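A.B. asks:
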Amino acid sequence: MSTIRLPRIAVSRDVAKDLVWADSVKADEPVVLDGRWMVVNTDAFASQLTTELRNKNIVHFEVLGGSPEWQESIRAAGLSHDVQIKVQPLD
1 MSTIRLPRIA VSRDVAKDLV WADSVKADEP VVLDGRWMVV NTDAFASQLT
51 TELRNKNIVH FEVLGGSPEW QESIRAAGLS HDVQIKVQPL D
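Last residue of the sequence shown: 91 in the numbering used here, with the numbers rising by one and none dropped.
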């Protein structure tokens with residue numbers, strides 16, 4: 001299982017692409033997106049992250065923490081890209 005630690009400020013599509021295509025993230029393996037430290041994100045970042053994971057044949061992943069806005073953005077991106085996302089708020 002790979003864990004992608006999301007940055008505090010996540011607004012760039014390029015950052016999303018770089019995070020997914022890092023050597024530590026293996027295709028077809030479970031992924032956890034760790035958003036516990038994220039304070040700012042955009043819908044475009046969530047969408048690009050989901051697109052890149054799907055392009056790497058990762059269609060199920062888990063999200064830990066993050067703001068309610070982040071959780072909403074990543075859920076919406078999952079629905080629009082036909083990706084199953086389990087979001088675990090850490091309140």
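Where is the CB? At the ideal position from N, CA and C, for every residue including glycine. Predicted, not measured: the structure shown is a model, and the values here were computed from it.
1. Report the partner residues of S12 according to the DSSP bridge assignment.
2. Whose CA, out of R13, R54, F45, lies closest to the CA of A27?
3. Which runs of the alpha helix (DSSP H) at least 4 residues long sit entirely within the segment 15 to 73? Give them in chain order.
4. Return yes when the Cβ of R13 is within less than 8 Å of the Cβ of Q48, no when it is not.
5. With 16 as the cutoff for other CB atoms within 10 Å, does S79 come out buried or exposed?
C.D. replies: Judging by the given coordinates:
1. Position 12 of the sequence shown, counted from the start, is the residue given in the question as residue 12. Bridge partners of S12: none, in fact.
2. Here residue 27 is taken as the residue at index 27 of the sequence shown, counted from 1. Among R13, R54, F45, the Cα nearest to that of A27 is on R54.
3. 43 to 55
4. Counting from 1 along the sequence shown, the entry for residue 48 is found at position 48. Counting from 1 along the sequence shown, the entry for residue 13 is found at position 13. Yes, the Cβ-Cβ distance between Q48 and R13 is below 8 Å.
5. Start at 1 with the first residue of the sequence shown, and residue 79 comes out as number 79. Looking at the sequence itself, residue 79 is Leu, so the reference to Ser does not match. Exposed: under 16 other Cβ atoms inside 10 Å.
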